[in-house]
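Residue 348 in the UniProt record's numbering is what sits at position 348 of the sequence shown, and the numbering runs on without skipping anything.
All C-beta atoms, glycine included, are put in the ideal place defined by N, C-alpha and C.
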Amino acid sequence: MPRTQRHSGGARHARKRRLWPRIVAWTAGGLVVALGIGVGSVALKLQGNLQTAPLTAGTALPKEADEKQSHDALDILVIGSDSRDADNAAYGDDDGGRRSDALMLVHIAKDDARIDVLQIPRDTLTQLPACEDTGSGAYAGGYGMINSALMYGESCSVAAVQDLTGVNIEHFISIDFVGFKTMVQAIDGLPICLPEAMQDSYAGLDLPAGEQVLDGEQALSLARTRHAVGDGSDLARLGNQQKVMAALMQKITSAEVLTRPDRLVNLLDAITKSLTVDSGLGSIGNLSSLAARVASVKNSDITFVAMPAAAAPTDPNRVVPTEAAQAIFTNIAADAPLKIEGEEGADDSATADPSASATPSDEPSVATTTPVLVLNGTMTQGLATSTSTELTEAGFVSGGVGDAAVSEKTQLLITDTAEARATAEALVKKMGYDLEPVVDANASGVTLVIGDDIDEITTPVASEEAVEAEASTADANLCG
């Protein structure tokens, strides 16, 4: 199977709205300029524009986000809403709910070393968490498309993505159709080039070939059209959405906007009126700080990657994440660089099949020969079995599973032998456990007793194997 190269013109998934977070952050970056020129009344007005919503409302959420230092790793969920409320009624009938039209997990690495943007297909099937009522209704949870979580509030989308990826999300930014349109209007139109004319009566689109400047309505129609491209599917329109997003970013960051206070203020007014953010980003100062971090990262260090997915077993029109996606999830959680086949520094020995998992050697090393007994000391059913399976897949020998007395602390008990010590040390390293093996005369070789603190003492272990995924960087030529 040929490798997926970065900057590939055929990377259709990588084109899916991949510049939303960059656009939002650069626009917020203009706040610094506005404040710098002393427009205090403008800053006050912009602050009044912002809307906030709760970050956490799921009943099955991971732990609350820790207090972050200014240059710690940071994870933000960017949500493009397809709301058809009063302001957005022109774009379809209001069915009483809203869904995410774009869903991206933005990871800013520690010390702003890089930014990774993971695009999650809106038709991804997953186990959605139960979500409390934050004004959008309560949800009992269940198996469904991840974009439907937004019907119960941004916090429910945050919970769903956290559960899917295992990444703890500190903030979210949400924007709707009208927000996009008003951004384009605020910068006096969007310069773009089209290789051929495009017509779509359903979207009200009639554009000639060549270079032109689109107004807000035209830009939105171009981003949304299906009938004017390909087979009329959602995937077919991704190239046009990419061109619109790229053109918007280039215009926003150009001197035409940043050196024109009138345009800059109009843009900031438009976007802050259209944003919904969590309370942690609900101030002009905090948005400006976020923008400064994003702006400090070179385009070549910003990677956009589509979640590797396969057709869902229950519905071929829906998708589920593959093992390659799990590797990407793990590296984001571990704040480790993504390893994509074909990119510089990736492991060339990676398997050509991204869905094939690594298998242990036929001849286990001394470190994995001692059987590992796993005991569940929590109230979570099935935890010993799932952990034992994970250990077996990692190359360890199963010593069975069972229950233990409820325990707050996870323990790793061993017999006093070199083999047991070696196995325990390998287990701690492989699984990312912050544990010290304890010699216990009653232990059976190696015994892992899972306590209530298992999540707290587990650090994600980055994958060293390159995976196949549709990816590119922000410095790619997007206009050709």
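Residue interval of the alpha helix (DSSP H) (run including residue i)
i: I414; result: Premise fails: I414 lies in the beta strand (DSSP E), Q411 to I414, not in any alpha helix (DSSP H).
i: G80; result: Here G80 belongs to no alpha helix (DSSP H); instead the beta strand (DSSP E) covers L74 to S81.
i: V161; result: E154 to T165
i: L391; result: L383 to E393
DSSP bridge partner residues for residue i (one or two, in chain order)
i: G142; result: L128
i: residue 486; result: Outside the shown range of the chain (1 to 480) lies residue 486, about which nothing can therefore be said.
i: G402; result: L375
i: F310; result: In the sequence on display, residue 310 carries Ala and not Phe. A310 pairs with V320.
i: F304; result: V117 and S472
i: I173; result: V78 and V277
i: D315; result: A312
i: T370; result: Answer by DSSP bridge pairing: none, since T370 is not bridged.
i: Q51; result: T276
i: V446; result: V372 and I414
Proximity of residue i and residue j at Cβ, strictly below 8 Å
i: M145; j: L125; result: yes
i: V397; j: L448; result: no
i: L248; j: L190; result: yes
i: D116; j: I332; result: yes
i: L281; j: H107; result: no
i: A219; j: I340; result: no
i: D176; j: S81; result: yes
i: A334; j: V467; result: no
i: Y433; j: T458; result: yes
i: S100; j: I76; result: no
i: N168; j: L103; result: no
i: I252; j: L267; result: yes
i: V277; j: I173; result: yes
i: K203; j: T225; result: Looking at the sequence itself, residue 203 is Ala, so the reference to Lys does not match. Their beta carbons are under 8 Å apart, which means A203 touches T225 by this criterion.
i: I284; j: L46; result: yes
i: A424; j: I414; result: yes
i: G445; j: G399; result: yes
i: residue 483; j: S279; result: Not covered by the structure: residue 483. The range shown for the chain is 1 to 480.
Own chain residues within Cβ distance below 7 Å of residue i, not counting five before or after
i: P121; result: M307, A309 and V319
i: I50; result: A small correction: the amino acid at residue 50 is Leu; Ile does not occupy that position in the sequence shown. Closer than 7 Å at Cβ, skipping near neighbours: T272, L275, V277 and G282.
i: E312; result: Here the sequence assigns Ala to residue 312, which means Glu is not the residue at that position. Result list for A312: L125, R318, V319 and V320, in chain order.
i: Q212; result: I192
Chain D contact for residue i (CB, 8 Å cutoff)
i: I146; result: This model lacks chain D altogether, as it is built from one protein chain only.
Run of the beta strand (DSSP E) containing residue i, from where it starts to where it stops
i: V461; result: Neither: V461 is in no beta strand (DSSP E) and is coded neither H nor E.
i: Q199; result: M198 to D200
i: D206; result: L205 to L207
i: L264; result: Note, L264: premise wrong, no beta strand (DSSP E); alpha helix (DSSP H) at P261 to S274.
i: S100; result: S100 to I108
i: L435; result: Where L435 is concerned, there is no enclosing beta strand (DSSP E), given that its DSSP letter is neither H nor E.
Contact set for residue i: own chain, Cβ-Cβ below 6 Å, skip 5 residues either direction
i: A474; result: N299 and I302
i: T387; result: V374
i: L164; result: T126
Same chain, Cβ closer than 8 Å to residue i, five either side skipped, listed in chain order
i: V305; result: A14, D116, V117, L118, Q119, I328, L338, I340, A469, E470 and A471
i: P195; result: A209
i: V257; result: G30, I187, K251, R263, L264 and L267
i: A384; result: V374, L375, N376, V401, G402, D403 and I450
i: D111; result: H71
For this session: Say whether the region 460-476 touches the region 437-447, bearing in mind that this needs 3 or more beta-carbon pairs closer than 8 Å, one atom from each stretch.
Result: no
Problem set entry | At least three beta-carbon pairs within less than 8 Å, the region 129-143 to the region 152-162 | yes
Problem set entry | the region 257-273 touching the region 172-185, judged by at least three CB pairs closer than 8 Å | yes
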